[in-house]
Amino acid sequence: MSSFSTTAIHGTVSGHDQHGALRQPVYDSVAFEHPDARSMEMTFAGKKAAHAYSRISNPTVSELEDRVSSLCHGAFVIAVSSGMASISNTILALGGAGSNIVTSPRLFGNSLSLFSKTLHPWGLETRCVDMTNPEEVERAVDSGTRMVFFESMTNPGLEVADARLLAGICQAKRVPLVCDNTVMTPYLFEAGKAGINIELVSSTKYISGGATSVGGLIIDHRNFDWSHAPALADTADQYGEAALLHRLRHEVFRNLGACLAPHNAWLQTLGLETLDLRIEKSSANALAVARFLASEKQIGSVNYPGLADNPYHPIAKEQFKNRFGGILTFDLGDEKRCFRFIDSLKLIRRATNINDNKSLIIHPASTIFNEYNEDELTQMGVGAGMVRLATGIEEPNDIINDLKRGIKSL
Amino acid sequence: MQISINGEERQLNSEELSILNLLEAEKVEAPEMVSVQVNGRVVNRTDYEKHVLRNGDEVDFLYFMGGGR
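Protein sequences, first through last, are from chains A and B. Heads up: the first sequence runs through residues 198 to 607, numbered per this note's numbering. Heads up: the second sequence runs through residues 2 to 70, numbered per this note's numbering.
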């Protein structure tokens, strides 16, 4: 088996461009022609390796899917239009009225909003528990649970649950374990090996190669018996390990229409090739910045699992190959001080994204989480004094020197 | 042994052939990424080596990823 970077660059499936181009072209075509009616029938039945219509599949998008599948040891992969689309497709394929999802109150705000607001009127119950407390998770799962959903590292709380413990619970309860692995990516966290059944990734972040495009990935590690999933009971007998993939490709994903644009797939395949280099750099930057901020008296507290005194340091170190990602938060007391700090920066950009090549800063409570009231924010662990910094791949001293401007403004 | 592969009748020299053998004989690229259906049922990839094909089996390679490989 090749190393991550070699597989990311070359894949295991050879592409054969008619001109010998080392970078495959962008197939910006909606429809694909078939040599005869029989061939067309076989393509629609999924029994011929050909494309029909780009909302369902496209050669440029397939190249990205194949490359990710190679990195994830042959997992089934569907590339979608955004990280949120990867979540909505998955929950709509597995959940339904009268069912519930067990998850964390510390999720990324838009994910929690999807579950508890958008899907609530359709009959989905969202059960929020502490994912770092396995007993609490176990108690919440019952016969109506369609998935346990957690983030490999929560954003912006930066909590880290023990994935293997959660996998053990889900295996015993015969419920799929779904992990949003956006913050750590398949490079730092091999979700399938940890027992995660479905891995979801916003490829907008690290994979896109510098925030070039919006996209998402659904990665089915082919390690769940879908006959235990009520929504797939009818198809599991025929499609076995491919039951979820079948339901997505031939119904949910096809019908929702959240397909990835070929041009975005091309950009993300390119980004994938340098994923490891950029993560290594931004993780090292985050650690250097966290250590600097922790030494500054005017900074209230610094939250970064890479710091030895962080409560999640031991489990993060074990799960994520001694890397801790490119996000950290720190506390400045109140919104006014946060705004003053943010507005004094000259290098770090004021923007809502993570894992750009550029370092980005945001005040989560007044932006990403502005739909929630004070009590809800407290439950979600998003304080008025919290600032989130997503480190880019600049030189660490330049980031630190900019932060010194912020500290001076306090 | 005679089997059908994606609707086409095929005569194979071997009398005992696993799914893995068939994928290799058919020179399928990245066989770990392929879904194989035998007589209308998908076989889990962990069983590719031990699942032996029989005369008259209908084998389908499924392309959920939309092909391109």
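Note that beta-carbon positions come from the ideal geometry of N, C-alpha and C, so glycine has one too. Remember, it's a predicted structure, so these values are computed and weren't measured experimentally.
> Would you say A/Gly389 reaches chain B, if we count a Cβ-Cβ gap shorter than 8 Å as a contact?
Replying inline: What you label residue 389 of chain A is simply residue 192 of the first sequence in a count that begins at 1. A/Gly389 does not count as touching chain B.
>> If I measure Cβ to Cβ from A/Arg520 and keep anything under 6 Å in the same chain, skipping five residues before and after, which residues do I get?
In response: As a first step, residue 520 of chain A is located in the first sequence; it is residue number 323 there, counting from the start. Here the set comprises Leu385, Ser480.
> So which of B/Glu33, B/Val37, B/Tyr49, B/Val35 has the shortest CA-CA distance to B/Asn22?
Replying inline: As a first step, residue 22 of chain B must be located in the second sequence, where it is residue number 21. Selected option, being the one with the closest Cα: B/Tyr49.
>> With the cut-off set at 8 Å, would you say A/Ser267 and A/Gly208 are in Cβ contact?
In response: Walking along the first sequence from the start, residue 267 of chain A turns up at place 70. Walking along the first sequence from the start, residue 208 of chain A turns up at place 11. Going by C-beta atoms, A/Ser267 is nearer than 8 Å to A/Gly208.
> Among A/Ala587, A/Arg252, A/Glu335, A/Val449, which has the Cα closest to the Cα of A/Gly354?
Replying inline: The count along the first sequence starts at 1 and reaches residue 354 of chain A at position 157. Cα-wise, what sits closest to A/Gly354 is A/Ala587.
> Which residues bound the alpha helix (DSSP H) around A/Cys456?
Replying inline: Sequence index remark: in the first sequence, residue 456 of chain A carries index 259 (1-based). Taken as a continuous stretch (DSSP letters only), A/Cys456 belongs to no alpha helix (DSSP H), as it is neither H nor E.
> Can you give the Cα-Cα distance for A/Ser283 and B/Gln12, rounded to whole angstroms?
Replying inline: Within the first sequence, the letter at position 86 stands for residue 283 of chain A. Within the second sequence, the letter at position 11 stands for residue 12 of chain B. Distance between the alpha carbons of A/Ser283 and B/Gln12 is about 43 Å.
> Can you list, in chain order, the stretches of the beta strand (DSSP E) that have 3 or more residues and sit fully within the segment 536-573 of chain A?
Replying inline: 557-559
> Taking DSSP as the reference, what is the three-state secondary structure of B/Ile6?
Replying inline: Indexing the second sequence from 1 puts residue 6 of chain B at position 5. It is a strand residue.
> Where does B/Gly69 fall in DSSP's three states?
Replying inline: For this step, residue 69 of chain B is matched to residue 68 along the second sequence. Because B/Gly69 carries a pLDDT of 33, less than 50, the predicted location of this residue cannot be relied on, and the following value inherits that uncertainty. Coil at B/Gly69, not helix or strand.
> DSSP state of A/Asp263, grouped into three classes?
Replying inline: Taking the first sequence and counting its residues from 1, the one referred to as residue 263 of chain A is at position 66. Here A/Asp263 sits in helix by DSSP.
>> Using a Cβ distance threshold of 8 Å, determine whether the segment 231-242 of chain A contacts the segment 437-445 of chain A, with at least three qualifying pairs required.
In response: no
>> Taking 8 Å as the threshold (beta carbon to beta carbon), is A/Glu333 in contact with chain B?
In response: Taking the first residue of the first sequence as 1, we reach residue 333 of chain A at position 136. For A/Glu333, the answer is no, since every Cβ of chain B falls outside 8 Å of its Cβ.
> Between the Cα of A/Asn452 and the Cα atoms of A/Leu311, A/Ser259, A/Val277, A/His425, which residue gives the shortest distance?
Replying inline: By one-based count along the first sequence, residue 452 of chain A stands at place 255. Per the Cα distances, A/Val277.
> How many angstroms separate the CA atom of B/Glu59 from the CA atom of A/Arg252?
Replying inline: Sequence index remark: in the second sequence, residue 59 of chain B carries index 58 (1-based). Sequence index remark: in the first sequence, residue 252 of chain A carries index 55 (1-based). Using only the alpha carbons, I get a separation of about 30 Å.
> What first and last residue would you give for the beta strand (DSSP E) that runs through B/Glu59?
Replying inline: The residue given as residue 59 of chain B occupies position 58 in the second sequence. First-last of the beta strand (DSSP E) with B/Glu59: 59-63.
> Taking DSSP as the reference, what is the three-state secondary structure of A/Met198?
Replying inline: For this step, residue 198 of chain A is matched to residue 1 along the first sequence. Any reading at A/Met198 is ruled out, since the residue's pLDDT is 49, under 50, leaving its predicted position unreliable.
>> Please identify the residue among A/Lys514, A/Glu477, A/Phe527 whose C-alpha is closest to the C-alpha of A/Asn500.
In response: Counting from one through the first sequence, the residue named residue 500 of chain A turns up at place 303. Nearest C-alpha to A/Asn500: A/Phe527.
> What first and last residue would you give for the beta strand (DSSP E) that runs through B/Gln38?
Replying inline: Translated into positions along the second sequence, residue 38 of chain B becomes position 37. Per DSSP, B/Gln38 belongs to the beta strand (DSSP E) from 36-39.
>> Assuming A/Arg585 is part of the beta strand (DSSP E), what are its boundary residues?
In response: Here residue 585 of chain A refers to the residue found at position 388 when the first sequence is read from its first residue. Counting along the chain, the unbroken beta strand (DSSP E) around A/Arg585 starts and ends at 583-587.
> Considering only residues of the segment 392-438 of chain A, which uninterrupted alpha helix (DSSP H) runs meet the minimum length of 4 residues and lie entirely inside it, listed in chain order?
Replying inline: 430-436
>> With a threshold of 8 Å between beta carbons, is A/Ala439 in contact with chain B?
In response: Within the first sequence, the letter at position 242 stands for residue 439 of chain A. For A/Ala439, the nearest CB of chain B lies under 8 Å from its own CB, placing it at the interface with that chain.
>> So, with DSSP's three-state summary, where would you put A/Glu322?
In response: Residue mapping note: residue 322 of chain A aligns to position 125 of the first sequence, counting from 1. A/Glu322: strand per DSSP, three-state reduction.
> Near A/Glu396, what residues of its chain come up, given a Cβ to Cβ distance below 6 Å and the 5 sequence neighbours on each side ignored?
Replying inline: By 1-based counting over the first sequence, the position of residue 396 of chain A is 199. So the list reads Cys376, Asn378, Ala388, Ile416, once near-sequence residues are dropped.
>> Using only CA atoms, which one of B/Val44, B/Glu16, B/Asn56 lies nearest to A/Glu438?
In response: As a working note, residue 438 of chain A is residue 241 in the first sequence. Comparing Cα-Cα distances from A/Glu438 to each of B/Val44, B/Glu16, B/Asn56, the minimum goes to B/Val44.
> Can you tell me the Cα-Cα spacing of A/Arg235 and A/Ala440, whole angstroms?
Replying inline: Taking the first sequence and counting its residues from 1, the one referred to as residue 235 of chain A is at position 38. Taking the first sequence and counting its residues from 1, the one referred to as residue 440 of chain A is at position 243. Cα to Cα, the separation comes out at about 25 Å.
> If you count every other CB in all the chains shown that lies within 10 Å of the CB of A/Met198, and 16 or more means buried, which is it?
Replying inline: As a first step, residue 198 of chain A must be located in the first sequence, where it is residue number 1. Residue placement at A/Met198 is flagged as unreliable, the pLDDT there being 49, under the threshold of 50; a coordinate-derived value is accordingly withheld.
> Based on the DSSP secondary-structure assignment, which residues constitute the bridge partners of A/Phe346?
Replying inline: By one-based count along the first sequence, residue 346 of chain A stands at place 149. For A/Phe346, which the question treats as bridged, DSSP gives the partners A/Val375.
>> Going by DSSP in three states, A/Ile590 sits in which element: helix, strand or coil?
In response: Along the first sequence, read from residue 1 onward, the residue named residue 590 of chain A stands at position 393. Under the three-state reduction of DSSP output, A/Ile590 falls in the coil class, being neither helix nor strand.
> chain A beta carbons: is any one of them nearer than 8 Å to that of B/Gly41?
Replying inline: The count along the second sequence starts at 1 and reaches residue 41 of chain B at position 40. By this cut-off, B/Gly41 is an interface position.
>> Does A/Asn482 pass the burial test, meaning 16 or more other C-beta atoms within 10 Å, or should it be called exposed?
In response: Counted from its first residue, the first sequence places residue 482 of chain A at position 285. That one is buried.
> Using the beta-carbon of each residue, which ones in chain A are nearer than 8 Å to B/Leu63?
Replying inline: The residue you call residue 63 of chain B lines up with position 62 of the second sequence. Going along chain A in sequence order, the residues near B/Leu63 (Cβ under 8 Å) are Gly243, Lys244, Ala439.
> Roughly how many whole angstroms lie between the Cα atoms of B/Glu25 and A/Ser349?
Replying inline: To locate residue 25 of chain B, count along the second sequence from 1; it is residue 24. To locate residue 349 of chain A, count along the first sequence from 1; it is residue 152. Here the C-alpha atom of B/Glu25 lies approximately 37 Å from the C-alpha atom of A/Ser349.
>> Within 8 Å of any Cβ in chain A, is that where the Cβ of B/Met2 sits?
In response: In the second sequence, residue 2 of chain B corresponds to position 1, counting from 1. By this cut-off, B/Met2 is not an interface position.
> What is the DSSP secondary structure of A/Thr526, counted as helix, strand or coil?
Replying inline: If you number the first sequence from 1, residue 526 of chain A lands on position 329. A/Thr526 falls in the strand class under three-state DSSP.
> Does DSSP classify A/Tyr250 as helix, strand or coil?
Replying inline: For the purposes of this step, residue 250 of chain A is identified with residue 53 of the first sequence, where counting begins at 1. It is a strand residue.
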